[in-house]
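Below is one structure, written out as C-alpha cells; the observations come after it.
Numbering (the working numbering), first residue to last: -18 to 1261.
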C-alpha cells in the first residue's frame, strides 16, 4: 500500500523508525516525556501497575513495536488449550455440512456449507465432525417453520426419502413443527417453533442424554441412556422436507444461547479473541486520553465526541494498533464478538444516531489504516452479523433488540464510502437489504410480550341476519364496550413501538437513496437503482426459483418503506422546484415505456411483444415521439432474443456448484432461505451491461451512460486523481507532514473520483415526449424510475401476500362464531346432563384461549400490514397507476407500449383496499375516494374492449374487474358517474357480438345490471335457512343485488334504436349457449306448469326431500323455485298490456297441465283433498308467500292476489265456453295440444310448441320437406 504524497511503500511487518537513537528528544511530534507518559497510558502492562518513572524504560515510537508485541504475547500460552478441547471430538477443526458423502436426497447447500434448503421429499445431511465424549452443543437457525427433524445421528444410520434423523435406532431428533421427539418411535415433546427461532442441540456423552433448547429456554431432557461405547460417535444431522431451510452454527460464530458446561463443536479462536480485546482496549484508551500540547499534559476526553483533529502522535499510535487489529477484523467470529459489540456499546448511551459521531470517525480510521481488502471483508461481515442479529433476535415488547441493530446499521450507512461499498458489493448482492425492512410476525404471542402490551382481548361478535359482520355496533353491553376500548388502547401501544422500527427502516432507505454525496463517483441513489432493477428482474423472471425469489412477506414491508422514502424525496424536490409535481400528483410518464431507457425484462406489453410493437408502430414513434427505429435494428432485436436465450442457458450450465447429481447436495448461493445469506455468486456478474441501460443497442446517439452526479449536483468538486493512500507503518519525522495532509483530506470528506463515463445517470430518461404530455417537470428522473419499480414490485408478490394474511381475520371470525354457538348450547343444556355441560365448558375454554391468542396476533398483523398508513400507501399506488394509465391513453397508439402490470396493479390494489383492509379500515374514509372510483370505472369501461390491448389474460382481468365493479352499490354508482358517452360506449361493447372476449363475464355483467328487479329476488342468503340458523357462516351466500336502471335504459335504447344490434346480440348469446338452453327456451311454457305442479303438490317427492333436510341439500326449498316461476307469471299476466295479458292467459289456460290450485298454493291455500284426508298438524306449515315479508313487498303480494283472481275468473269463463276438442283438431305430431300454427308456403299445421322446437334445428316441413318461410297463427273457423 502506498502513502499518498510519498513514493515510499511501507510493509506491515518490517518497518522501523529512521530517527537516530542518539537524538530521542527530536521526535517532531511531542516532547519525549509527554510521549512516554502517553504511550504508557495507552499501552499499560497486563497487571495494570505502572513501574516508577526512575526504573521504567522510556517508551518511544522506536521501541513501541517491541513493547506492543510483548504485551500481546503475555497471555498466549495460557490461552492455548487446543489439545484439551480436541479430546472427545473427531473430524476437521472447521465444522461444516458434509455435502460430499454425508447426505441423502436432493439439497441446496450454501457456499459457506452451513445453510441448507430441502429440494426433495425428505432430504437428510450431517456435519463433517462427530463427538464421542464430553458435552457438546450446536445451534440451528430456523428460517422456515415447516417439517424438519433436527438432532444427532451415527455413521451407521441409513436415511432415505421417507426416513430421516430420528427414524433409525441410533438417531435422535426434535421436530418443532409437529412438537414431537423421534427415535424410531415418537412422543410429544417441547414447543412449536417458528421462522426466526434458534434451536440449541445438546448432547452429554458422559451421562448419555440429549436435550434441546428453543431460544435459550430448555425444553427438558429428550432422550437418556443413548447408545455409547466403542465405535459410537454422534454427528449433528437434520432431515427436512421440500422448501424448508435452516442454517447451522457449530461455533464459527459466537453462540446466541451458550449453555454452561457445553462446548461448541468448533473451537472459538481463543488466542485471536484475547488479542482482539486487548487491541480494542488500547483503541478505547486512545479515544479516552488526549494530549494537551500547550499545557504539556494528558487529559481525559469525552469519548462520544472524539476526533483525530490531525494530531500526528495519535495517528501514529493508531497505526500501530491497526497493524495488529486489521487482520483480525477479517474473521467473522471476531467481527461479531468484538467489533459489533463495541459499536453497539457506543449507541447504548442513547440519543439519536447523529449524536454519536465516534462511529463515523472509526470508519474513517478503518479506511485510512487498513488495506482495502481488509476493510471490505470487515464491513461485509459486520453487515451480515447485523442482519443475522436483527432477523433472529427474539421479539420483546419494546422491540429493543431490533431497534438496537437498526440504529447501528444506520450509523454504518451514514459513512459515505462504506455505504457505497456496501451498496456496490454487499447489499442486494449478498445480504439483500430488504431483510432490514421486514418486521416478522410472532407466532407465540406470549414470548413476544403481547400479553403485557394487550392485556385485554376483544373480537367482533355482532352479526347481521345475513351472517355478515355488522359495521355498526348495536346493543353493545357496557362490559363489551370496556373490553373493546382496552383492546384498542393496547393496539395503539403496539403501533407506537412498531412505528419506531419503521421509522428507522425508512432512515436506512433515505441513506441508500441519497443523491447528494460529498464524494465523487456514482451517487448512492444510482447504485441503488441499478441493484434494485436487477433485484426486480430476478423476481420477475425466476418465479418458482427458490434461490432467487424474495419472500412476499419481505416484499410487503419493503414496498411500504420505499413508498415512504420516495414520497419524502419527491416532496423535498417539490419544495426546491415549485414547478414540479407533488407526490399526491405522481405518475410515470408514458415515454418511459417506449424510449428504451428503462428495461422491463421481456414483461408483456399491452400491445404484445416489444419487438412486434417496434415494427408495427415505428411510424407512430417517429411522428409522435420523434424516435426513429433503424430497420437493421429490428432484425438485430430478433437475433438478440435468440442469443440471450443461449447465453442464459450457458450461464446456468456453467454456474459453480459443489456437487451436482441426482440425490446430491447442490451448492446454493442463498440470501434469505438461509440465515448465512449466501455469497457473491448469487447474481449474474456485475460486470455485465447495467440493467438500467437499454436492453438492446439503440442508435449511437441514444446510448445510455453510466450514472454519476453532474458537477452541479455535487456539494464539493472532485480534487484528487488517485485513491487515498493508507498509513500503516511508523512514519519518520520527514513523513509526518504527509500523514497530516492525508488525515486532513479524509476528515474533509475528499475522495478521488472513479472513472465513470457520462455526467448524469438519468440522461435521456424522458426522451420521446409525446405532444399530449405536458412540458411541466414532474420530479427528478431517478425518482420516476423508483416509482416504476414500486409498481412492478407490487405486481410481483405483494398483492398475493396481502390476501394471504387475511386468513388470520377469518380464523378470528370462525372461532368467534364457534364460541358464541357453544355459549348458546351451554345456556340450553339441561341441568341433569352434567357430562354434556362439562364438555361444553371445556370447548368454551379452548375457543376462548384460541381467540385470545388470535386477537393479539391479529393486532400485530393489523398494525404491520393493514394499518391506516399502509392502506394509504396502497391507495396512493392505485392513484399513481390511474394517472399513469390516463396519461398513456392520451398517446393513442403508443399506449400499446405500456407494460400490462400497470393495469393489473390498478385492479389488484383496488381489490386489496376493498377486501383486505376492511373492516379494520374503510375505503370510504380515504380522501378523494369517490373520484378515484369513478376514474377507475372509466378505465375499466373503456379498456375492457380496447383494440390496443391484445393479451387475452389482461383482457380477461379487465372484464372480471368490471364484473366485480357492478356487483357492489358504491362501485356501480361510480360506473354510473362516468360521462354518458363512455357509458353508452361500454354498453355497446357489452352488447356487441362475442369476438375475442369472454362471453361468460359479459353475460354476468348484463345480468347483474338487472338482478334485484325480479319478483322476490333481493336476498343474499336463502330465507328458509336464515330462519333455522341465521349466523352460520357456511351457508350458501349470494351477492346482494344492486340493479342499475340507468344502464338498463342505455341498453334498452341501444337495442331499440339499432335494428342490426338487437338480433346480432341475441344470436351471439344463443350461439354461445348449448342446445340444452335452446331446448329450455322452447319448453319454457311447459316447464312453468311442470314446476308449479311438482313443487306445489302436497305429499310428493319434492315435499318429502325438503322436509328431510338432508346434508348437501340445504338450499333445496320451495321459495327460490316458486318465486322465480311466480315472477314470470306476474310479468306475463299483470305487468303487460291488455292484449299481451289476454293472449298469455289463453295460452296458459289452454295447457292441459295447468292447475289453478298451484297458484292457490303460493298464497298458502292447501289442496281441498289434502285437507280432508289429513287433519292439520301443528308442526306442519304450508308454504305461503305471505310469510316472507322481508323479501316480498306488499305490492308484489297484491299482484299475486290479482293474478289468482284473474286466472280464477278466466278459467271459469273458459270452462263454460270450451267445447270438447276432436281428434282432428289435435296436433298431428304430439297429439297433446290443439293445432295453433300453419306453415308457409305448404300450409301444413301443428301446435306452436312442436314447430318452434323443430325450427331450432331444421327449416324443412315435417310432412312435405318444403322449406318453411314463415309460421302464422291458426284459428279454427267457426262451424256454419
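Glycine is no exception: its CB is placed at the ideal position from the N, C-alpha and C atoms.
C-beta contact flag for residue 133 and residue 157 at 8 Å: Counting from one through the chain shown, the residue named residue 133 turns up at place 152. Counting from one through the chain shown, the residue named residue 157 turns up at place 176. No, the pair does not count as a contact, with Cβ atoms beyond the cut-off.
- request: Mark residue 1238 as exposed unless 16 or more other C-beta atoms lie within 10 angstroms of its C-beta, in which case mark it buried.
  value: For the purposes of this step, residue 1238 is taken as residue 1257 along the chain shown, with counting starting at 1. Exposed.
- prompt: Starting from residue 863 and walking both ways along the alpha helix (DSSP H), at which residues does that stretch end?
  reply: Mapped onto the chain shown, residue 863 falls at position 882. Counting along the chain, the alpha helix (DSSP H) containing residue 863 begins and ends at 849 to 870.
- prompt: Hey, is residue 129's beta-carbon within less than 8 Å of any beta-carbon in chain B?
  reply: Included in the structure is just one protein chain, with no chain B present.
- prompt: Just how far apart, CA to CA, sit residue 99 and residue 123?
  reply: Here residue 99 refers to the residue found at position 118 when the chain shown is read from its first residue. Here residue 123 refers to the residue found at position 142 when the chain shown is read from its first residue. Cα-Cα distance, rounded: 13 Å.
task: Starting from residue 103, follow the alpha helix (DSSP H) in both directions and report where the run begins and ends.
output: Here residue 103 refers to the residue found at position 122 of the chain shown. No alpha helix (DSSP H) contains residue 103, which is instead part of the beta strand (DSSP E) from 103 to 107.
- prompt: What's the gap between the Cα of residue 75 and the Cα of residue 313?
  reply: The residue given as residue 75 occupies position 94 in the chain shown. The residue given as residue 313 occupies position 332 in the chain shown. Residue 75 and residue 313 have their C-alpha atoms spaced approximately 13 Å apart.
query: If you drop the 5 nearest sequence neighbours on each side, which residues of the same chain put their C-beta closer than 8 Å to that of residue 1327?
result: Residue 1327 lies beyond the stretch modelled for the chain, which goes from -18 to 1261, so this question has no answer here.
- prompt: residue 1032 by DSSP, collapsed to three states: which one?
  reply: Locating residue 1032 in the chain shown gives position 1051, counting from the first residue. DSSP, read as helix, strand or coil, puts residue 1032 in helix.
message: If contact is defined by three or more beta carbon pairs under 8 Å, each pair taking one atom from either stretch, is the region 539 to 548 in contact with the region 483 to 493?
response: The region 483 to 493, when compared against the region 539 to 548, does touch it at the 8 Å Cβ threshold.
query: Exposed or buried, which one is residue 1077 when buried takes at least 16 other CB atoms within 10 Å?
result: On the chain shown, residue 1077 is found 1096 positions in, with the first residue counted as 1. Buried.
query: Hey, out of 1121, 1022, 1206, whose CA is closest to residue 989's CA?
result: Stepping through the chain shown from its first residue, residue 989 is reached at position 1008. Of 1121, 1022, 1206, the residue nearest in Cα terms is 1022.
query: With distances taken between CB atoms, is the gap from residue 587 to residue 876 smaller than 8 Å?
result: Counting from 1 along the chain shown, the entry for residue 587 is found at position 606. Counting from 1 along the chain shown, the entry for residue 876 is found at position 895. A contact, by the Cβ cut-off of 8 Å.
task: Quick one: give me the first and last residue of the alpha helix (DSSP H) that residue 229 is part of.
output: Position 248 of the chain shown, counting from 1, holds the residue named residue 229. Unbroken run through residue 229 is the beta strand (DSSP E), 226 to 230; no alpha helix (DSSP H).
Span separating the alpha-carbon of residue 203 from that of residue 494: As a working note, residue 203 is residue 222 in the chain shown. As a working note, residue 494 is residue 513 in the chain shown. When rounded, the distance between both Cα atoms is 51 Å.
task: Would you list the residues sitting across from residue 130 in a DSSP beta bridge?
output: Indexing the chain shown from 1 puts residue 130 at position 149. In DSSP, residue 130 forms a bridge with 220.
- request: Pick out whichever of 425, 870, 472 has its Cα sitting closest to the Cα of residue 436.
  value: Taking the chain shown and counting its residues from 1, the one referred to as residue 436 is at position 455. Residue 436 has its Cα closest to that of 472, out of 425, 870, 472.
- prompt: Are three or more beta carbon pairs between the region 772 to 781 and the region 886 to 905 nearer than 8 Å?
  reply: Because the criterion of three Cβ pairs below 8 Å is met, the region 772 to 781 and the region 886 to 905 touch.
message: Can you look up residue 1191 in the DSSP assignment and give me helix, strand or coil?
response: Numbered from 1 along the chain shown, position 1210 holds the residue referred to as residue 1191. Shown here, residue 1191 sits in a helix according to DSSP, grouped into three states.
- request: Just tell me which of 281, 873, 1188 has its CA closest to the CA of residue 754.
  value: As a working mapping, residue 754 is identified with position 773 in the chain shown. The option with the nearest alpha carbon to residue 754 is 873.
Beta-bridge pairing of residue 192 - partner residues as DSSP gives them: Within the chain shown, numbered from 1, the residue matching residue 192 stands at position 211. In the DSSP secondary-structure assignment, residue 192 is bridged to 183, 202.
Opposing strand residues paired with residue 84 [DSSP bridges]: The sequence position of residue 84 within the chain shown is 103, counting from 1. Within the DSSP bridge table, the entry for residue 84 names 106 as partners.
- prompt: By DSSP, does residue 89 sit in helix, in strand, or in coil?
  reply: Stepping through the chain shown from its first residue, residue 89 is reached at position 108. The answer is strand: DSSP assigns residue 89 an E or B state.
field: First through last residue of the alpha helix (DSSP H) which encompasses residue 1294
entry: The question about residue 1294 has no answer here: the residues shown for the chain are numbered -18 through 1261.
query: Do the region 787 to 796 and the region 810 to 824 touch if we need at least three Cβ pairs shorter than 8 Å?
result: Counting Cβ pairs under 8 Å, fewer than three are found: no touch.
query: Can you tell me where the alpha helix (DSSP H) with residue 406 in it begins and where it stops?
result: Here residue 406 is taken as the residue at index 425 of the chain shown, counted from 1. Unbroken alpha helix (DSSP H) run through residue 406: 397 to 406.
- prompt: What do you get for residue 182, buried or exposed, if any count of 16 or more other CB atoms within 10 angstroms of its CB means buried?
  reply: Start at 1 with the first residue of the chain shown, and residue 182 comes out as number 201. Buried is the call here.
field: Delimiting residues of the alpha helix (DSSP H) encompassing residue 355
entry: Position 374 of the chain shown holds residue 355. Where residue 355 is concerned, the enclosing alpha helix (DSSP H) stretches over 353 to 373.
field: Counterpart residues of residue 1220 in DSSP-defined beta bridges
entry: On the chain shown, position 1239 is the one that residue 1220 refers to. Residue 1220 pairs with 1252.
- prompt: With DSSP run on the structure shown, which of helix, strand or coil describes residue 281?
  reply: In the chain shown, residue 281 corresponds to position 300, counting from 1. Here DSSP, grouped into helix, strand and coil, assigns residue 281 to strand.
field: Meets three-Cβ-pair contact criterion under 8 Å: the region 1026 to 1044 and the region 961 to 969
entry: The region 1026 to 1044, when compared against the region 961 to 969, does touch it at the 8 Å Cβ threshold.
Host alpha helix (DSSP H) of residue 381 (start-end): Taking the first residue of the chain shown as position 1, residue 381 is located at position 400. From DSSP, the alpha helix (DSSP H) with residue 381 extends over 381 to 394.
- prompt: From residue 519 to residue 208, what does the alpha carbon distance come to, in whole angstroms?
  reply: Along the chain shown, read from residue 1 onward, the residue named residue 519 stands at position 538. Along the chain shown, read from residue 1 onward, the residue named residue 208 stands at position 227. In this structure, the alpha-carbon of residue 519 lies about 49 Å from that of residue 208.
Proximity winner among 1141, 1193, 748, relative to residue 1181 (alpha-carbon distances): Counting from one through the chain shown, the residue named residue 1181 turns up at place 1200. Looking at the Cα atoms, 1141 is the closest of the given residues.
message: What does DSSP give as the partner residue(s) for residue 1207 in the beta ladder?
response: As a working mapping, residue 1207 is identified with position 1226 in the chain shown. 1215, per the DSSP bridge assignment.
message: Using CA atoms only, rank isn't needed, just tell me which of 1206, 766, 241, 194 is closest to residue 1258.
response: Counted from its first residue, the chain shown places residue 1258 at position 1277. Nearest option by C-alpha distance: 1206.
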